[in-house]
Structure formats: C-alpha cells, structure tokens
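S.K.:
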Amino acid sequence: MTAVLTAPPRAVPPASQPVQRGAKRTIRHAVALARRNLIKTMRTPEQLIDVTIQPIIFLLLFVYVFGGALGGGSRHDYLQYLLPGLLAQGIAMGSVALGQNLNADIEKGVFDRFRSLPIARSAPLVGAVLADFFRYLTLCVIYLGFGYAMGFRVETNAAGVIAALALSIGFALCFCWISVFVGMKARTSGSVQGIMFLLIFPLAFGSNVYVTPGTMPGWLQAFVHVNPMSQLSAAVRGLTVGGPTGAHVGWTLLWMAILLMVFVPLALRAYRRRA
Amino acid sequence: MTYAIEAEGLTKRFGKTQALAGIDLAAREGTVLGVLGPNGAGKTTAVRILATLLQADEGSARVAGYDVARQPQQVRQNIGLTGQYASVDEDLTGTQNLVLIGQLLDLPTPAAKARARELLEWFDLTEAAGRPAKTYSGGMRRRLDLAASLVGRPSVIFLDEPTTGLDPAKREDMWDVVRSLVTDGSTVLLTTQYLEEADALADEITVIDHGRVIAHDTPDGLKRIVGGQRLKVRPTDVGRLDEVHSVLAAVGDGPPESPGRGVLTVPVKDDTALGATVQRLQAAGIAVTELSLHLPSLDEVFFTLTGRHTESEEVAA
Numbered sequence: 006m007t008a009v010l011t012a013p014p015r016a017v018p019p020a021s022q023p024v025q026r027g028a029k030r031t032i033r034h035a036v037a038l039a040r041r042n043l044i045k046t047m048r049t050p051e052q053l054i055d056v057t058i059q060p061i062i063f064l065l066l067f068v069y070v071f072g073g074a075l076g077g078g079s080r081h082d083y084l085q086y087l088l089p090g091l092l093a094q095g096i097a098m099g100s101v102a103l104g105q106n107l108n109a110d111i112e113k114g115v116f117d118r119f120r121s122l123p124i125a126r127s128a129p130l131v132g133a134v135l136a137d138f139f140r141y142l143t144l145c146v147i148y149l150g151f152g153y154a155m156g157f158r159v160e161t162n163a164a165g166v167i168a169a170l171a172l173s174i175g176f177a178l179c180f181c182w183i184s185v186f187v188g189m190k191a192r193t194s195g196s197v198q199g200i201m202f203l204l205i206f207p208l209a210f211g212s213n214v215y216v217t218p219g220t221m222p223g224w225l226q227a228f229v230h231v232n233p234m235s236q237l238s239a240a241v242r243g244l245t246v247g248g249p250t251g252a253h254v255g256w257t258l259l260w261m262a263i264l265l266m267v268f269v270p271l272a273l274r275a276y277r278r279r280a
Numbered sequence: 004m005t006y007a008i009e010a011e012g013l014t015k016r017f018g019k020t021q022a023l024a025g026i027d028l029a030a031r032e033g034t035v036l037g038v039l040g041p042n043g044a045g046k047t048t049a050v051r052i053l054a055t056l057l058q059a060d061e062g063s064a065r066v067a068g069y070d071v072a073r074q075p076q077q078v079r080q081n082i083g084l085t086g087q088y089a090s091v092d093e094d095l096t097g098t099q100n101l102v103l104i105g106q107l108l109d110l111p112t113p114a115a116k117a118r119a120r121e122l123l124e125w126f127d128l129t130e131a132a133g134r135p136a137k138t139y140s141g142g143m144r145r146r147l148d149l150a151a152s153l154v155g156r157p158s159v160i161f162l163d164e165p166t167t168g169l170d171p172a173k174r175e176d177m178w179d180v181v182r183s184l185v186t187d188g189s190t191v192l193l194t195t196q197y198l199e200e201a202d203a204l205a206d207e208i209t210v211i212d213h214g215r216v217i218a219h220d221t222p223d224g225l226k227r228i229v230g231g232q233r234l235k236v237r238p239t240d241v242g243r244l245d246e247v248h249s250v251l252a253a254v255g256d257g258p259p260e261s262p263g264r265g266v267l268t269v270p271v272k273d274d275t276a277l278g279a280t281v282q283r284l285q286a287a288g289i290a291v292t293e294l295s296l297h298l299p300s301l302d303e304v305f306f307t308l309t310g311r312h313t314e315s316e317e318v319a320a
C-alpha cells in the first residue's frame, strides 16, 4: 500500500446536507440495487434453471406422460388447457429463489452495509423484487416459446396474450412478497425453500392447474375456487385460449391487492426486526 | 470538548443473553477510541447500535451529534461501517461494489465511478478492480470493505475488528490507513481483541467484558495498570529455567512469572532490557527457543483487571 502516505481522498463531510426524502429517490436506489441483483444473476446463470429448464420439464412431463390420460385422449387439448396453469404455478415456484437470495444476503452481512446507509429501509427489498421481473419475463417467454414448439396455439389475439403476460408478471411481483417475508423470517436460506414449497404445493395442486375441478369433492372445489392460483390460471386461459375471463381477471387483481397489503408490511417489519 | 460518539447506559438483551449490561462510550472528535474485549464481550452489539443497525433496549447514544434512535437517517449520513465480516458483495467486482454504494449515497453515476476509482487506487486495488470480490485475498477484501465504508466521506467510522485474521504485515497496512483517516479529521471507533492494536492506534481505550466497561483510560494509563512491555523467554533446556529466572530478575522491573511450562516472563521498562538479557544469557551459555518483547495479551490484561482469564483462554486451557 504505497499510496497510504498521501492524504486520503476526502472532501467536505456531507454533514450539512439535509436528508432527502421522497419516493423518487427510493425508486432510484431500488433500481441501483436491482442492477446489483441482475449482475449476480448474470454471474451465476444456473440461478435461472427454475425459470428455464424446469418449465420445460413440467411441460414435457405433464403433456407426454400424463397428458394422454388426463386430457381425455387429446394431447393437444390438454396442452391448451395445461399451459396457462403451468405458467401460474411456475410464477409461484419462481418466487422461491428471491427469498433464498435475500436470506443469504443478510447472512453474509451484505445487508448490514445497506442498512448503515441513508436510504429507505425498503429499498433493498424493492430492488430485489424489481430484478425478479426479468426472471418472470424469462419464465413467460420460455413457456410460450417452448409451448408453441410443442403445439400450443393462441386462440384469442395479440392483445389477449399481452394482457395475460402483464397479469401474470403483475401477479408474480405481488406473490413474491410472500417469499420475501419468508426470506426475512427463516433462519437459513435452505429452509426458505422448504417453507415456500409447503405453501406452494397445496396452492398448485389444489387448483385447476392440472385438471378441471369437476371430479373433486365439494370442499376441495370450494378451495379451488378461492385459490389465487386457480384464478390466475383461469384468467390466463381465458386471455390466451378463450373462455370466461372477466371474473377471473377481477379475482386475480383482488388477490394481488390482498397479497401486497398483507405481505409488504409483514416483510418490511420482519426486515426491520432482523438483527 | 465535542464528542463525535457518546453513549450512555446502553443495554441490549437477546433472549436470555445480556449482550450489553449498561455501557458508556465516548470518543472526542478526530480521535480513535479503541474498544477492547474478548469474543462475546458485546463489542459488535455496541457497534451495531451506534451504527443504527440495532435498537438498544435502554440507554441513549449520539453519533456525529445525532440521536441514533430518533435521527437514524442523519446518523447514517455521517457514518461508515466496516463489519467484522467483510460485507462487500462477492459476486460484484471491486468497482461495482463501490459504484453501487456511491449511487445509494445519491452521487451521480459519473461521480460514483470517479470516487470508486479514487478509493480503489488509494487502497491499491486498481489492478483487481474488474474482478469479482470473491477472487480477492483476505487482505484485499478487508481493504475493499473499508473502501466501501469511505465512499460517502463519513466523519465517524466504525471498524469492527478490522484486522482479525490478517497477517502482521497486512495488519500494519491497515493501521496506516486508520492513522491517515484520523489525520484527516475523522473519528474512528475501533474494536479489537489485541491490546497491541489498541495501543498502536487509539487515543483512549475502553475495555469491556460481559457487556460492561471494566476500564477506560489512555493507552499509557492502561499500561500503567496492566503493565507495559513484557519480556518472554523460553530456554531450549527446561532444566536451566532457574538460571533464566535469575537473569530476568536482574534485568526486569518486577518478579518474573511463569505463564506456562518452560516459559518465563518479566515486566520491563524499555527495550534496552532486551539487549541486556541477550548478553546475560549468552554469557551464561543458555540457548533459547523464544525470546520476545511484547505488550500484555488480552488475557493478561483481563487477568490484571478482573483476576480471571478470558473465557476463550479458559476453554483452550
């Protein structure tokens, strides 16, 4: 360290600066932090397996292994039914990594540095959620692209597809706050996955993702009906292959609002309390 | 007299553990306060409270003139924190780490980049600037971590065990950095497990144990209490320990003690005792495997102040 003897590069301490506030500033910080998350993802592309390879495996598995039996003989019909549902399920599963990464960041002490800076407490969490947008976009592109190759065809129009994508990604950005909350609460990043799957499996399978609920017992049908995963998959189905749409979109939007109202404050509080 | 750091009666409990049992700390502006204590004494908890990462259960603290509980954002504008565990992002390069901090401190991107370049150069990391931090050596990572805490030109800097795990040469480098920060007007709170480090850097030293302050003094004052330098001799032939004892009794400033088998230590006034000892040992034809002059270890400090050894030493013994 030869340069040590020279004066350290400082200037007037910023003590006189007033503390700036405002949403604009927080968003700017969140974007800077989101960029950090994206750089990390680029460095470790295997972090994208759950939104690239995994969706392909689900499609292949359910269409070719179970599709013939479940779809009443027509694999194509089943693919048309299944793909919107798998997209909804993929969004829930894709959110798990967010909580795991945040938990690891805290363990490593990276967040201590952020917390010692004069930024909004929420900025690191919001930044991580913003960066997740690209993972969900990747997931949607993979499902539609690979699904197309397997024979999935849009039966509505481009506007419908765009609306379906917007709704899916919008839902993802609300649902993922559950993962953020679990990430703040869990003691290790490994346990985040366990806790999240405990929640996601009932939502994914107790739904209309794989089969229409007509053959299920009444109580289960009642659950399937209120399940946000069913509502999202029915809405995406309506928007891409036709059928009842409006009510499902409405329910999905309602769920998004509920998820945000419940889990954003919970996650922020858990983050603040985490020593 | 203005204090850059002032804490009174801080307490903090984690479940059943009383991490802090009411400690007072004070650092005058432009000085280094050394907080000396063994693992688990509460050093890190105190730093986390002062750096607004943690709320104290009781007590109050002001940093850079702002209350840590009521004005945390103002405190954060004025502090830099370097944790016990290097808290840079391993996947980001040196430059990316520092630019991110700059952006979070509201520097426009070109200014954040310029500041990053400047700090990387100062910390001799220019060549490694484009490499992810996970490829850095321990010393480089510490330097990057310290650089990250200086991006905002803080007036108060917390260094939580900045040299733990560094080899002696790297430690001296870090000391030089700390000295130049203070020369420049910053106030530094440094936690350490080494009296040597506190002695080399601090204007005042607070010794804490089990969340309490057990001593507060200048380094010289503290050394007067716990003893200054000690000479340590380990003869090759344990049978000649008695002869070594009489040599040390002659050159030392007190009675020789035996901290372990086959070793003797004696307090000495200055380092001329070293030469005298070498001469006498040579004259007597006593070969030694160890002959050193050092400040009392943390354990010796504790033994003098509290009459018992630090817990980590007890476990080892």
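Chains as they are written, first to last, in the working numbering: chain A, 6 to 280; chain B, 4 to 320. Positions of the beta carbon are idealized from the N, C-alpha and C atoms, including for glycine. Keep in mind the model is a prediction, meaning the values are calculated, not measured.
Just to confirm before moving on: does the CB-CB distance between I228 (chain B) and T307 (chain B) stay below 8 Å?
M.R.: In this structure, T307 (chain B) lies closer than 8 Å to I228 (chain B) by Cβ.
S.K.: Just to confirm my understanding: we take S194 (chain A), look at its own chain, exclude 5 residues before and 5 after, and list those with CB closer than 6 Å. What are they?
M.R.: Counting only Cβ-Cβ distances below 6 Å, and skipping sequence neighbours, we find Q105, N108, A109.
S.K.: Quick one: does K190 (chain A) have its CB under 8 Å from some CB of chain B?
M.R.: No, no contact with chain B.
S.K.: CB of A132 (chain B) to nearest heavy atom of the ligand SAM: below 7 Å?
M.R.: The model depicted lacks the ligand SAM and carries no ligand whatsoever.
S.K.: Just to confirm before moving on: does the CB-CB distance between A131 (chain B) and G105 (chain B) stay below 8 Å?
M.R.: No, they are not a contact pair.
S.K.: Whose Cβ in chain B lies nearer than 7 Å to the Cβ of I124 (chain A)?
M.R.: Here the neighbours are L107.
S.K.: Hey, would you say A205 (chain B) sits closer than 8 Å to V35 (chain B), going by beta carbons?
M.R.: Yes, they are a contact pair.
S.K.: Any beta carbon from chain B within less than 8 Å of R274 (chain A)'s own beta carbon?
M.R.: No, no contact with chain B.
S.K.: Would you tell me roughly how many angstroms separate the C-alpha atoms of S127 (chain A) and R274 (chain A), rounded to the nearest one?
M.R.: Straight-line Cα distance between these residues: approximately 10 Å.
S.K.: L271 (chain A) to H297 (chain B), Cα distance in whole Å?
M.R.: The straight-line gap from Cα to Cα measures roughly 53 Å.
S.K.: Can you give the Cα-Cα distance for A28 (chain A) and L38 (chain A), rounded to whole angstroms?
M.R.: Rounded to whole angstroms, A28 (chain A) to L38 (chain A) spans 15 Å at the Cα level.
S.K.: Are the CB atoms of D212 (chain B) and G12 (chain B) nearer to each other than 8 Å?
M.R.: No, they are not a contact pair.
S.K.: Mind checking S189 (chain B): buried by the 16 CB within 10 Å criterion, or exposed?
M.R.: When all chains shown are included, S189 (chain B) counts as buried.
S.K.: As an exercise, report each continuous alpha helix (DSSP H) stretch of at least 4 residues that is fully enclosed by the stretch 76-162 of chain A, in chain order.
M.R.: Listed in chain order, the complete alpha helix (DSSP H) runs (minimum 4 residues) inside the stretch 76-162 of chain A are 80-99, 101-113, 115-120, 128-155.
S.K.: Count the other CB atoms within 10 Å of the CB of Y141 (chain A); is the residue buried (16 or more) or exposed (fewer)?
M.R.: With 16 or more other Cβ atoms within 10 Å, it is buried.
S.K.: Quick one: list the residues of chain A neighbouring D94 (chain B), beta-carbon separation under 8 Å, in chain order.
M.R.: Those within 8 Å of D94 (chain B) in chain A are I44, K45, R48, T49.
S.K.: CA-CA distance, R182 (chain B) and P75 (chain B)?
M.R.: Cα to Cα, the separation comes out at about 27 Å.
S.K.: On a CA-only basis, which of B:A72, B:L234, B:A59 is nearest G278 (chain B)? Give me that one, please.
M.R.: Among B:A72, B:L234, B:A59, the Cα nearest to that of G278 (chain B) belongs to B:L234.
S.K.: State the Cα-Cα distance for the pair D109 (chain B) and G255 (chain B), rounded to the nearest angstrom.
M.R.: About 59 Å.
S.K.: Determine which residues share a DSSP beta bridge with P238 (chain B) and list them.
M.R.: DSSP lists B:V291 as partners of P238 (chain B).
S.K.: According to DSSP, what are the bridge partners of Y69 (chain B)?
M.R.: B:V66.
S.K.: Using a Cβ cut-off of 8 Å (strictly closer), state whether A37 (chain A) contacts chain B.
M.R.: So, interface residue.
S.K.: Throw me the rounded Cβ distance for the L193 (chain B) and L162 (chain B) pair, which I believe falls under 8 Å.
M.R.: Contact flag correct, Cβ pair sits at about 5 Å.
S.K.: Can you give the Cα-Cα distance for L244 (chain B) and G257 (chain B), rounded to whole angstroms?
M.R.: If you take the alpha carbons of L244 (chain B) and G257 (chain B), they lie about 17 Å apart.
S.K.: Please classify T55 (chain B) as buried or exposed, where buried requires at least 16 other C-beta atoms within 10 Å of its C-beta.
M.R.: Per the 10 Å Cβ criterion, buried.
S.K.: What first and last residue would you give for the alpha helix (DSSP H) that runs through Y276 (chain A)?
M.R.: Where Y276 (chain A) is concerned, the enclosing alpha helix (DSSP H) stretches over 251-278.
S.K.: Please determine, among B:R120, B:R79, B:G86, the residue with the shortest C-alpha to C-alpha distance to Q99 (chain B).
M.R.: Of the listed residues, the one whose Cα sits closest to Q99 (chain B) is B:R120.
S.K.: Which stretch, first to last residue, makes up the beta strand (DSSP E) that contains F17 (chain B)?
M.R.: Looking at the DSSP string, the run of the beta strand (DSSP E) that includes F17 (chain B) is 6-17.
S.K.: What does the alpha-carbon distance come out to for the pair V241 (chain B) and T280 (chain B)?
M.R.: For V241 (chain B) and T280 (chain B), the distance between alpha carbons rounds to 17 Å.
S.K.: For T166 (chain B), collect the residues of the same chain with a Cβ closer than 8 Å to its Cβ; drop the 5 residues on either side in sequence, then sort them by chain order.
M.R.: Excluding residues within five positions, the ones whose Cβ falls inside 8 Å are R145, K173, R174, M177, W178, T195, Y197, E200.
S.K.: Taking only the alpha-carbon atoms, compute the straight-line gap between P111 (chain B) and P129 (chain A) and give it to the nearest angstrom.
M.R.: Their backbone Cα atoms lie some 19 Å apart in a straight line.
S.K.: Nearest to L301 (chain B) by CA position, among B:D202, B:E9, B:G214, is which residue?
M.R.: It is B:D202 whose Cα lies nearest to the Cα of L301 (chain B).
S.K.: Does the beta carbon of R41 (chain A) sit closer than 8 Å to a beta carbon anywhere in chain B?
M.R.: True, the Cβ-Cβ gap to chain B drops below 8 Å.
S.K.: Less than 8 Å between CB atoms is the rule here; does G104 (chain A) satisfy it with respect to chain B?
M.R.: No, G104 (chain A) does not count as interfacial toward chain B.
S.K.: Are the CB atoms of D187 (chain B) and E207 (chain B) within a distance shorter than 8 Å?
M.R.: No; because the gap between Cβ atoms is not below 8 Å, this pair is not in contact.
S.K.: Go ahead and pull the three-state DSSP assignment for E207 (chain B).
M.R.: Strand, per DSSP.
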